Amino acid sequence: MMNEVQFGCELEYEVIAPTTFLFQIGIAQSENQRCIHEVLNLNPMVPIQRFTMGLEQNRVHRVVLQPCNFTLHYDGIVQLDAELAPPAELLEQPYGELPPEALPYLNPSRFCESDLLGNFAVSEFGALPQGYSRVKAICDWTFEHLLYMAGTTNSQTTARDVLIQRRGVCRDFAHLAISLCRGLNIPARYVSGFAVNLDPPDFHGFFEAYLGERWYLFDASRLAPVAGLVRIGTGQDAADVPFASLLGSATMKSKKVWATASNMASIPLPSEDASIAVSTA
607 MMNEVQFGCE LEYEVIAPTT FLFQIGIAQS ENQRCIHEVL NLNPMVPIQR FTMGLEQNRV
667 HRVVLQPCNF TLHYDGIVQL DAELAPPAEL LEQPYGELPP EALPYLNPSR FCESDLLGNF
727 AVSEFGALPQ GYSRVKAICD WTFEHLLYMA GTTNSQTTAR DVLIQRRGVC RDFAHLAISL
787 CRGLNIPARY VSGFAVNLDP PDFHGFFEAY LGERWYLFDA SRLAPVAGLV RIGTGQDAAD
847 VPFASLLGSA TMKSKKVWAT ASNMASIPLP SEDASIAVST A
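Counting in this note's numbering, the sequence shown runs from 607 upward without gaps.
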């Protein structure tokens, strides 16, 4: 499946005191996600330090600013050439056969307390057939038992908190699904990105599970089709891939995010995603 997506964002800040920003907005580039064109503009123009960091070597742009009104504009075109597979063929890998790079994504993390939610995961999903269908069952349960509601969680909310209060936003849906997967010894990792057809448009949080020797995409919130997800960064949870973090004093004045497929007919609705498994890792 090959899709071309136009994506971008515009971030505006009032910088009140000397501030250092770390932006993680540059899309990942791989064999399955090829950047055709991208442009990053800053106003005022200041030096940009570019580097990678984290387990997955996510792209980072570091900017140091004095007090000012600051605007960042980033846009581009990406070609998604996803690997597709019949879900029924995707099995869970035995622990002794998992590749070393997948093992860290079995561990509990800051927002994904799989050690605390393991008993719940086993009681709710342990008897289900293993493989893609079990991960889908976790996504279905998360979607059906959580209410998507902006403003009900914050940057400190964990998967356990979400399970108790039963509401949250996309990152919370992803954190809970990841925790339940890890509780069943299924490697799962958080992904930040752009999403075609997301309403309202914003950066999006979703996840991947390791099945059948590849990472496959899932969106427990069902807010966007997995065939239209563009990867920015990958990590243990959202703490590894915030779109912006800063040291200093600055206030966000506005945020605009967009992602549009050139051939919208090729992007299925979220409810149709289960018919095919999609991997861009």
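Every residue, glycine too, gets a C-beta built ideally from N, C-alpha and C.
Here the structure is a predicted model, which means the values were calculated and not measured.
- Assigned with DSSP and collapsed to three states, D846 falls in helix.
- Beta-bridge partners of Q685 (DSSP): E610, R640.
- With 16 or more neighbouring CB atoms inside 10 Å of its own CB, P831 falls in the buried class.
- Under the three-state reduction of DSSP output, S860 falls in the strand class.
- Using a C-beta cut-off of 8 angstroms, the segment 846-857 makes contact with the segment 628-635, since at least three inter-stretch Cβ pairs fall below that distance.
- Closest in alpha carbon position to S798, among D805, H781, L790, T626, is H781.
- Cβ-Cβ separation between A867 and V768: approximately 30 angstroms, too far for a contact (criterion under 8 angstroms).
- Listed as beta-bridge partners of T758 by DSSP are no residues whatsoever.
- For H643, same chain residues with a beta-carbon under 7 angstroms away, outside a window of 5 residues either side, are G682, I683 in chain order.
- Less than 8 angstroms divides the Cβ of G737 from the Cβ of L696.
- If you draw a straight line from the Cα of L690 to the Cα of A887, it is about 12 angstroms long.
- A contact is defined here as three or more CB-CB pairs under 8 angstroms, and the segment 788-798 fails this definition with respect to the segment 759-775.
- Counting along the chain, N664 sits inside the beta strand (DSSP E) bounded by residues 664-671.
- Secondary structure remark: continuous beta strand (DSSP E) runs of at least 3 residues inside the segment 811-843, in chain order: 820-824, 835-841.
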